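Here the protein sequences line up with chains P and H, keeping their order.
With our numbering, letter number 437 in the first sequence gets 437, and the count goes up by one each step, no holes.
In our numbering, each residue's number is its place in the second sequence (first place is 1) plus 1000.
Some notes on the structure that comes next.
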Amino acid sequence: MNKIRNILDLKKIKEQTLNKRESQKIILRTCNTGCRARKSQKVIDVLDSAINEKGIQDTVKIIKTGCHGFCEMGPIIVVEPESIFYRKVKPEDVHEIVSQLTEGGVVERLLWSDPVTKGRIPFERELPTYKRQKKEVTYKCGRIDPVDIEDYIAADGYSALGKVLTSMSPEEVIRTVIASGLRGRGGGGFPTGIKWKMCSEAPSDIKYIIANGDEGDPGAFMDRSLMEGDPHSVIEGMIIGAYAIGARQGFIYVRDEYPIAIEHLSMAIRQAEEYGILGKDILGTVFDFNIKLNRGAGAFVCGEETALIISIEGRSGTPRSRPPYPAIEGLWGKPTIINNVETFANIPLILSKGSDAYASLGTERSKGTKVFSLVGKVQNTGLIEVEMGTTLREIIFDIGGGIRKGKRFKAVQTGGPSGGCIPITRIDMPVDYDSLREAGAIMGSGGMIVMDETSCMVDVARYFIDFLMYESCGKCVPCREGLRQMHYILENICRGDGEEGDIETLIEIGQFMMTSSLCGLGSTAPNPVLSTIRHFRSEYESHIYDKKCIAGVCKNLFEYFIDAGLCNGCTLCRLKCPEHAISGEKKKPHLIDSSKCIKCGICFNSCKYEAILVK
Amino acid sequence: MKIPIIIDGHLVQVDKGATIMSAAKKAGVFIPTLCYHEALKPYGACRLCIVEVVQNKQRRLVTSCNYPVETGMEVLTDTLKVSQMRRMIVELLLARCPEMPAVQTLARRMGIEISSFKIREAKECILCGLCVRFCEEVVGVSAIGLSNRGTEREVSTPFEAPSDVCIGCGSCTYICPTGCIEMVNDEKTPGMRSMNMGNLSLKPCPNDYKCTTCDIERHFIEEMKGAITRFREKFRNSTEL
């Protein structure tokens, strides 16, 4: 066993691993986490047997990596050293790729093609979606094997830990983190270094450190991808944090809906223990630290820090009031640091690069980079990482490739259910903690849901309030009863029973909840409603007064009709209609009988001439 | 160590670490609350005891039941903002429990006759958690707890089964501010009392704790056996594939 006794051993392992790779000229990097949803495991199996068949297993290495980020194009295979990028690889494409490996050619049809110019781009670094990104935290995701500690060490992993343990005092670590300007990536944006300082000064012989991986926002997968694709960087960040505050025991709290994250994290913890990175006398110093993995039982509210702590204690996860803050009185009454997993993944970067280099990225008050999961009606969905201060336009149009099917951009929802919707007028806004808050949204953990003209903003607000109503713990009156009333009003508006004064009542309840709720969930819960009222008030008004949903979402409030000028009588809609509500002859304009129509939207989505409209 | 603070213009000296609520009691200032009790740890759920705190020239709203006093703090218990908040809380509670006298009295004191919010289903319990916390912290048996989440939250015994740890002390009945827990003498077992909580969740064992002759127990064991058999079959099938 390769027990690492000191920093020289760490370097030796790095060199050994790199030497071992010397003979392997060609490296295939394939995503084996998120892309599993598109059968990447099958692709890897076929790849493995094809390489063995060809007898080139000594010169070709397959690295089963975490998420590459360009999820829309998965499963992805990148061939090193040239970084040839193959997208949407199916098991039957594998033999072709393997035969080109030795000949040095490329499989033209599997390359990414520009949707506008139709030109094919062979190299990963030249893809427009990657060009605007700044991969720092997620750099190793998609490059290393997450379940191989030697791979992580070979990529300079644990070198920051070595530097900290051998040459820095806990105070110096905290000073560096404060100077870097790192703010909590879980949503609140509290300066991490200040939190650590508070905890290190709290008088107690026992302290704890917790990584919050209870990511529950619909449409968010940043923490998941990090834990799956680069679990060691989270562990490294935690060990450094533990050293800084003087903790001996750490916990990683992951929701049980993330089986791959749990598998990879537990493997990483076990390997770290075997190699002497965790446990007694880490890297030959007198510092001891252990990590335990806690699985969450699937309550959204457990992402709130006090609820999470109570959940680890074995009670049902309901938040408690602060103060006392967890940094002073947390897990089992002891000073506890609780940070998001992405925050911890930033720590090794800060300590290896130095706080100045880290703080050179980002804006005045938001430093570094931020990982987002870009989803919704955008072309290139996936995991992205950008410098703080990048504008929404760059994220959605340059990285995201614009809106699907040539539709118009309407709004982007950031920060999950507790966040808000930002309209097109704010699209040139830089993305950082303060600008988002000013626009009525929050950074949150980094979910970004892009919406186009077919999204009804009232329905979006209703959806999030519905989600929160079931996910609120129900402890305090404002959150429980406020959400119940808001939900009731929004349901009425979407059904067509909205009344005059509903908008004002919603604003009144929302503002009341923001100031009087017990925890962060309750005080940010009205954000989806308040931000949509603020930016899309006319939509609420047309729902209430005109009983119209122009987006065509709220079923009682619109009708489909066929534009006789655009319809060429192809009969497709007539054949597809499950209710036989469409009539018409071939090559003549069709008609929809609105008394039979159930507004399923099948005709609307299937018409190739966009002749079916909403009124 | 005593520290001085100002509550509604009164200067009081209170122990360091004391809550605003206890300081207000000392100053003779009344703060309304539904979930606070001297015998229990502060809970901060009803939010009715919200007050405005001025500290370092910043004004904030905090709940007085659990917020510790600090030197140089000024507390205002009856500002416009505070009364608006309280009004809102009472209106929301009145929409939840329109029939409960405790909530009605509280509302009437604020000049509210009918809640401006819609009543969806009238409930009896306001979920202040006093009964649950009393059962745990004072009685020490935890016969009842809070189950479910969000708007579905309710007081009940584990799995809504008859409690096997309830000692029938009646503390929950005594402490409940709305009076929705009723104590009744049990006819079958003399000297035994059951707590009538709407869903009869605290009724003692109907079979006099004789598990060997209990129908519920027998059904449960059969169910479990069935579930295990089904699981084994499924597992066997999946390994054969």
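Note that CB positions come from ideal geometry on N, CA and C, so glycine has one too.
Keep in mind the model is a prediction, meaning the values are calculated, not measured.
Rounded to whole angstroms, the Cβ separation of residue 165 of chain P and residue 347 of chain P is 13 Å, and the two are not in contact under 8 Å. For residue 485 of chain P, the nearest CB of chain H lies under 8 Å from its own CB, placing it at the interface with that chain. Excluding the 5 residues flanking it on each side, residue 231 of chain P has same chain C-beta neighbours closer than 7 Å at 146, 264, 265 and 268, in chain order.
Within chain H, the residues whose beta carbon sits less than 8 Å from that of residue 472 of chain P are 1149, 1150 and 1151, listed in sequence order. The beta carbons of residue 123 of chain P and residue 85 of chain P sit closer together than 8 Å. Nearest Cα to residue 502 of chain P within the set P:95, P:372, P:545 and P:410: P:545. Taking C-alpha positions only, residue 522 of chain P is separated from residue 1092 of chain H by approximately 15 Å. Against residue 1096 of chain H, the close residues of chain P are 477, 480, 481 and 484, in the order they occur along the chain (beta-carbon pairs closer than 9 Å). Taking C-alpha positions only, residue 1161 of chain H is separated from residue 280 of chain P by approximately 47 Å. Between residue 40 of chain P and residue 66 of chain P, the C-beta spacing is not below 8 Å. Among the residues of chain P, none has a CB under 9 Å from the CB of residue 1024 of chain H; the nearest is roughly 17 Å distant. Under the 8 Å Cβ criterion, the region 323-335 of chain P does not count as touching the region 394-409 of chain P, having fewer than three qualifying pairs. Against residue 1068 of chain H, the close residues of chain P are 323, in the order they occur along the chain (beta-carbon pairs closer than 7 Å). With the rule of 3 Cβ pairs closer than 8 Å, the region 101-108 of chain P does not count as touching the region 187-200 of chain P.
Nearest to residue 284 of chain P by alpha-carbon distance, out of P:578, P:100, P:599 and P:9, is P:9.
When the Cα atoms are used, residue 509 of chain P and residue 482 of chain P turn out to be separated by approximately 6 Å. Setting aside the 5 residues that flank it on each side, residue 240 of chain P is surrounded in the same chain by 160, 161, 164, 173, 347, 348 and 351, each with a C-beta closer than 8 Å to its C-beta; the list follows chain order.
Under a 10 Å Cβ-count criterion, residue 68 of chain P is classified as buried, with 16 or more other Cβ atoms of the shown protein chains found around its own Cβ.
For the region 500-523 of chain P, residues whose beta-carbon sits nearer than 7 Å to a beta-carbon of chain H comprise 512, 515, 516 and 518. Nearest C-alpha to residue 463 of chain P among P:552, P:273 and P:416: P:416.
Annotation: residue 120 of chain P to residue 78 of chain P spans about 15 Å, alpha carbon to alpha carbon. The criterion of a C-beta distance shorter than 8 Å is satisfied by residue 459 of chain P and residue 554 of chain P. For residue 566 of chain P, the secondary structure class from DSSP, reduced to helix, strand or coil, is coil. The residues 58 and 59, in chain order, have a CB closer than 8 Å to that of residue 23 of chain P in the same chain once the five nearest residues on each side in sequence are set aside. Under the DSSP definition of a beta bridge, residue 1147 of chain H partners with H:1154.
A distance below 6 Å between beta-carbons, with the five flanking residues on each side excluded, links residue 91 of chain P to the following residues of its chain, in chain order: 42, 43 and 46. In the three-state reduction of the DSSP assignment, residue 571 of chain P falls in the coil class, being assigned neither a helical nor a strand state. Interface annotation, residue 1092 of chain H: in contact with chain P, CB-CB separation under 8 Å. When the beta-carbon positions are compared, residue 1018 of chain H and residue 1053 of chain H stay at least 8 Å from each other. DSSP places residue 27 of chain P in the strand class (E or B) of the three-state scheme.
Take residue 1006 of chain H, set aside five residues on each side of it, and the residues of its chain with a beta-carbon closer than 6 Å to its own are 1074, in chain order.
In the same chain as residue 206 of chain P, and ignoring 5 residues on each side of it, the C-beta atoms closer than 6 Å to its own belong to 334, in chain order. At least one CB atom of chain P sits nearer than 8 Å to the CB of residue 1044 of chain H.
Residue 1179 of chain H and residue 540 of chain P have their C-alpha atoms roughly 41 Å apart. The beta carbon of residue 609 of chain P does not come within 8 Å of any beta carbon belonging to chain H, so the residue lies off that interface. Per DSSP, the unbroken alpha helix (DSSP H) holding residue 176 of chain P starts and ends at 170-180.
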